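Protein chains in written order, with UniProt numbering: chain L, 1 to 208; chain X, 1 to 208.
2 protein chains.
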Amino acid sequence: MQVVNPSTTNAYRLAYESIRNLILSGELIGGIKLVEERLAEKIGVSRTPIREAIRHLEQEGLIKNKRVYKPTKEDLIYSSELITLIESHAAKKAAENMTKEKLSQLKQILKESKNGSIDEIVSANKKFHDLILAECNNPVMLEEIQKLNTVFYLYRRLLIKNKRPLLYEEHEEIYQAIASKNGESASELMRKHLEMDLKYMLRYSSIF
Amino acid sequence: MQVVNPSTTNAYRLAYESIRNLILSGELIGGIKLVEERLAEKIGVSRTPIREAIRHLEQEGLIKNKRVYKPTKEDLIYSSELITLIESHAAKKAAENMTKEKLSQLKQILKESKNGSIDEIVSANKKFHDLILAECNNPVMLEEIQKLNTVFYLYRRLLIKNKRPLLYEEHEEIYQAIASKNGESASELMRKHLEMDLKYMLRYSSIF
DNA sequence: CCTCATACTTTTGGATGAATTTTTTTGGGT
DNA sequence: ACCCAAAAAAATTCATCCAAAAGTATGAGG
C-alpha cells in the first residue's frame, strides 16, 4: 500500500514549499526578482525542480514574470469580488444546512476571536470563514477560494493589526443570521462584511 | 519595445500548446497515460520542456497524475456549480450595465445560433455566453471561468450534437431579461439554464 | 493453474553543461 | 552630462546523462 506522505522528500515539492514559504513569510518581498540559481543553492537542489516549482507558483498567482507577485489595488478589488461571490453563496448554504454541532463550533470560534494576540485573532477569524465555506460542499470552490486567499493572506493581517472597526460585530451578525436559518440575510451580511474588509485593507495598506 | 508574440518559438510554450491541443481535440483521450519521452519525440523537443508543460497542464486541470484528466460525474457537478455562480452574477451585471451596442450584438449572435452546422452553433453559443460574461468586468473571474470551461469543452459539444431541447429558447429568454434590464430575472434564468445544461450533459455522456 | 519472487524494461526525477537570450556595464561621441 | 552602441556578465532555456523508482514479464515452487 502506498501512503501518500506530503512531506516525502522530493526536490520539486521541497522547492515549491520553500519558495512559497519565503514569499508568504514576507522574506521575499513583492516585486523582487527570483533567480533560479540563487534559489537552487539556498534550497539545496538543482535548477530543474526550481523551475517546475516556479511554474506552479506562477499558475497559483504568487509569482508573475519571475518576480514575486505584487498585487495592484485593482487586483485586490477583482479577487475580492470573486471571493465575495463564493463566500456569500457559502453563507447562504450554511444558513440552510449547517448542523447543530457545526453551529456551536462556529459560536465557540466567534468567542475565541473576541480577544487574544494578533495571531490568535487572525487564526480564529480564518477558522470562522473556513467553517462557513465548508458548507459549500464543493471541493472545486474550496480549492479556488484557497488559491485566492493566498494572495490576500498578507493583507488580512493588516485588518487585525489596525483593529478594523466592527469586525467582531459583523461576524456576530453573520453568525446570528446563519443560526436563525436566514439564508438571504446571511448571504447579504457576508457580502457587506467582505466589502468592508476590502475597503479597510486598501486604506491600511499604504502602498496604494 | 517588446512585442509579446505568443507564437515565439520556445520549446516550453510549444510543448504546452501542443499537448493542450492534443487533449482538447480529443486525440489524447481521457484516462490515457502520458509518457514524457513519447511526447518529446512527437513534438520534437527534449523532455525538460515537456515536464514543465505537464506541470502547467496539471495545474490547469487537464492532466492529473500523468494521465489525461477524465472528470467524474461529481467533478462536472462541482465545476458546473462554480460556473453557474459566476455566470448568473454576470447575467445580473449584464442586465444592469450592458450598452445598446452590446445588446444588439447579443441579439445578432442569438440569431446566428438558431441554425447552421454543429460547429457554427457551438461557436455562436460560446459567443453568447462570453459576451454576457464580459460584463463581469473582472479579469480574475474571466480567467477562472475560462479555466473551468476548458474541462467542460468536450462535453459542451454533446449538447448541440444531441440537440438538447429548449437550448435556443432559454437563450432567448435570457436575452429578453437582459434587454429589459431585469437583473434578478436574468440571473435566475441563467442559473436554471446552466443547470439544464449540466443535466443533459450528464445524460448524453454515456460514460457515467 | 495459481502465487510470489526475481530479473528485466520502462519511465521518471534530478543534475549539469552548453547554447541562447536578456540584462547590465562600459565607454565613445555629441 | 547624456545618449547610444558594443562588450561583458548573468540568467534562462534546453538537451543529455545517470540514478532511482515503478511497472512488467518470466519462471520456480506450491
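C-beta: ideal position from N, C-alpha, C; glycine also.
This one's a predicted model, so the numbers in the text were calculated from it and none came from an experiment.
Thinking just about the alpha-carbon of each residue, which of Gln59(L), Ile109(L), Leu133(L) is nearest to the one in His89(L)?
Leu133(L)
Which residues in chain L have a C-beta closer than 7 Å to the C-beta of His89(X)? List them in chain order.
Leu85
Any C-beta of chain X within less than 9 Å: which residues of the segment 144-164 of chain L qualify?
Glu144, Leu148
Quick one: list the residues of chain L neighbouring Asn65(X), beta-carbon separation under 8 Å, in chain order.
Going along chain L, no residue has its Cβ under 8 Å from Asn65(X), so there is no contact; the nearest lies around 11 Å.
Could you give the uninterrupted runs of the beta strand (DSSP E) lying entirely in the segment 108-185 of chain L, keeping only those of 3 residues or more?
none
With a threshold of 8 Å between beta-carbons, can His193(L) be considered close to chain X, or not?
no
Cβ of Leu198(L) within 8 Å of any chain X Cβ
no
Quick one: is Arg20(X) near chain L, going by C-beta distance under 8 Å?
no
So, for Ile29(X): in the same chain, excluding its five sequence neighbours on each side, which residues have a beta-carbon less than 8 Å away from its beta-carbon?
Val68
Buried or exposed: Asp197(X), going by 16 or more other Cβ atoms within 10 Å of its Cβ?
buried
Name the residues in the segment 45-69 of chain X whose C-beta lies less than 8 Å from a C-beta of chain L; which are they?
Thr48, Arg51, Glu52, Arg55, His56, Gln59, Glu60
8 Å Cβ cutoff, Asn138(L) in contact with chain X
yes
Do Ile160(X) and Ile118(X) have their C-beta atoms closer together than 8 Å?
yes
Cα-Cα separation between Ile77(L) and Tyr200(L), rounded to whole angstroms:
12 Å
Residues, ordered as in the chain, of the segment 178-189 of chain L that lie near chain X by beta-carbon distance below 7 Å
none
Flag Glu172(L) as yes if its beta-carbon sits less than 8 Å from any beta-carbon of chain X, otherwise no.
no
Distance, Tyr175(X) Cα to Lys108(X) Cα
Note that residue 108(X) is Gln in the sequence shown, not Lys. Using only the alpha carbons, I get a separation of about 11 Å.
I'd like to know whether the C-beta of Glu81(X) is nearer than 8 Å to at least one C-beta of chain L.
yes
Return the first residue and the last residue of the alpha helix (DSSP H) that Ser88(X) is part of.
73-97
Whose Cβ in chain X lies nearer than 9 Å to the Cβ of Met141(L)?
Tyr78, Glu81, Leu82, Leu85
Kindly indicate which residue of Gln105(L), Glu101(L), Arg156(L), Leu142(L) has the alpha-carbon position closest to the one of Lys126(L).
Arg156(L)
Own chain residues within Cβ distance below 8 Å of Glu188(X), not counting five before or after
Ser88
Taking C-beta to C-beta, are Glu36(X) and Arg51(X) nearer than 8 Å?
yes
Taking the alpha-carbon of Ser25(L) as reference, which of Leu62(L), Val45(L), Thr48(L), Pro49(L) has the nearest alpha-carbon?
Leu62(L)
From this set, Arg191(L), Glu172(L), Asn10(L), Ala95(L), which residue's C-alpha is nearest Lys114(L)'s C-alpha?
Glu172(L)
Please go through the same chain and pick out, in chain order, the residues whose beta-carbon is closer than 6 Å to the beta-carbon of Ser18(L), but skip the five residues on each side of it.
Ile43
State the CB to CB distance for the pair Lys93(X) and Glu135(X), rounded to an integer number of angstroms; the pair is presumed to be in contact (CB under 8 Å).
5 Å
With C-beta atoms as the reference, is His56(L) less than 8 Å away from Gln105(X)?
no
Look at Ala95(X) and Lys181(X) and say whether their C-beta atoms are less than 8 Å apart.
yes
Chain-order list of residues whose beta-carbon lies under 8 Å from that of Ser205(X) (same chain, five-residue window excluded):
Tyr155, Leu158
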